[in-house]
Amino acid sequence: SAVISQKPSRDICQRGTSLTIQCQVDSQVTMMFWYRQQPGQSLTLIATANQGSEATYESGFVIDKFPISRPNLTFSTLTVSNMSPEDSSIYLCSVNSFYGYTFGSGTRLTVV
Amino acid sequence: QQPVQSPQAVILREGEDAVINCSSSKALYSVHWYRQKHGEAPVFLMILLKGGEQKGHEKISASFNEKKQQSSLYLTASQLSYSGTYFCGTEIGGFGNEKLTFGTGTRLTIIP
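Respectively, the protein sequence lines represent chains P and B. Heads up: the first sequence begins at 1 in this note's numbering, then just goes up one per residue. Heads up: the second sequence begins at 113 in this note's numbering, then just goes up one per residue.
Right, dumping it as structure tokens:
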């Protein structure tokens, strides 16, 4: 299965600022997925990122708040913009393969 | 609509069996099962495709009732390492339309 390197692993940010999370996959993949997991909760899909096209966002998530880049088949970034304490969460990227979905190790974001 | 899992939490003694249920309001293409330990990313356990199959993985197996849009995960002779939160994940689209929606989660605690 694919191996995903995600960074940063954690960060503490001031409200009103932005944070960019990066995911690097060790193989080429068509789709990459970005999830958010609030403490003690399930994972919620933010958006699906295809290389060469705009990301597809789920209900409740908008591009201005969570811009995504997908410059090639092995890399993607998610930016959390104009952060507020409500954005404090764990953000995970994921790819699909024959062996199910594989996840990055997650970025634990705290907004103060 | 997020799949609903039951029970929400269960505590077992080592060696006991457990069943975790996942119910969807939508017709499903596939059901995945994942285990997530505290502070870690979810780990893929197995996938079941529509067709009503049952799969096994060591002492962990699962079934998928396509007509009822339900899946169950069976844990037999539980071990301490089985502790964690279990999530089902459902896909309603097939190849090329992958998008995994996670269930509400079941926290499993195994005590010696």
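A virtual CB, placed ideally from N, CA and C, is assigned to each residue, including glycine. Just so we're clear, the structure is a prediction, and the values are computed from it rather than from any experiment.
With a threshold of 16 other CB atoms inside 10 Å of the CB of residue 113 of chain B, please say whether the residue is buried or exposed.
In the second sequence, counting from the first residue as 1, residue 113 of chain B sits at position 1. By the 10 Å Cβ count, residue 113 of chain B comes out exposed.
Quick one: which residues of the segment 39 to 68 of chain P get their C-beta closer than 7 angstroms to a C-beta of chain A? List them in chain order.
In the structure shown, chain A does not exist; the protein chains are P and B.
Restricting to Cα atoms, I'd like to know which of B/220, B/187, B/203, B/126 is closest to residue 139 of chain B.
One-based indexing of the second sequence puts residue 139 of chain B at position 27. For the residues B/220, B/187, B/203, B/126, the minimum Cα distance to residue 139 of chain B belongs to B/203.
Please classify residue 153 of chain B: is it buried, with 16 or more other beta-carbons within 10 angstroms of its beta-carbon, or exposed?
By one-based count along the second sequence, residue 153 of chain B stands at place 41. Classification of residue 153 of chain B: buried, given that the 10 Å Cβ count is 16 or more.
Out of curiosity, what's the CA-to-CA distance linking residue 10 of chain P and residue 103 of chain P?
The sequence position of residue 10 of chain P within the first sequence is 10, counting from 1. The sequence position of residue 103 of chain P within the first sequence is 103, counting from 1. Between residue 10 of chain P and residue 103 of chain P, the C-alpha separation is close to 16 angstroms.
Between which residues of its own chain and residue 50 of chain P is the CB-CB distance below 6 angstroms, once the five residues before and five after are set aside?
Looking up residue 50 of chain P in the first sequence gives position 50. Excluding sequence neighbours, residue 50 of chain P sits near 31.
If the cut is a Cβ gap below 8 angstroms, which residues of chain B does residue 31 of chain P touch?
Walking along the first sequence from the start, residue 31 of chain P turns up at place 31. Simply 210.
Going by beta carbon distance, what residues of the same chain come within less than 7 angstroms of residue 67 of chain P, once the five residues before and after it are set aside?
Taking the first sequence and counting its residues from 1, one reaches residue 67 of chain P at position 67. For residue 67 of chain P, where only same-chain residues beyond five positions count, the Cβ hits under 7 angstroms are 79, 81.
Below 7 angstroms on C-beta distance, what does residue 176 of chain B contact in chain P?
Mapped onto the second sequence, residue 176 of chain B falls at position 64. Ordered by position in chain P, no residue passes the 7 angstroms Cβ test against residue 176 of chain B, which lies about 14 angstroms from the chain.
In terms of residue numbering, what span does the beta strand (DSSP E) encompassing residue 176 of chain B cover?
Mapped onto the second sequence, residue 176 of chain B falls at position 64. That run of the beta strand (DSSP E) goes 172 to 177.
Please state whether DSSP places residue 203 of chain B in a helix, a strand or coil.
Along the second sequence, read from residue 1 onward, the residue named residue 203 of chain B stands at position 91. Three-state DSSP puts residue 203 of chain B in a strand.
Within the continuous beta strand (DSSP E) that includes residue 148 of chain B, where are the two ends?
One-based indexing of the second sequence puts residue 148 of chain B at position 36. Residues 142 to 148.
How would you list, in chain order, the residues of chain P whose beta-carbon sits under 7 angstroms from the beta-carbon of residue 159 of chain B?
Position 47 of the second sequence holds residue 159 of chain B. The answer, in chain order, is 100.
Under the rule that 16 or more other beta-carbon atoms within 10 Å means buried, what is residue 17 of chain P, buried or exposed?
Looking up residue 17 of chain P in the first sequence gives position 17. Residue 17 of chain P comes out exposed.
Looking at the secondary structure, which residues open and close the beta strand (DSSP E) in which residue 11 of chain P lies?
As a working mapping, residue 11 of chain P is identified with position 11 in the first sequence. From DSSP, the beta strand (DSSP E) with residue 11 of chain P extends over 10 to 13.
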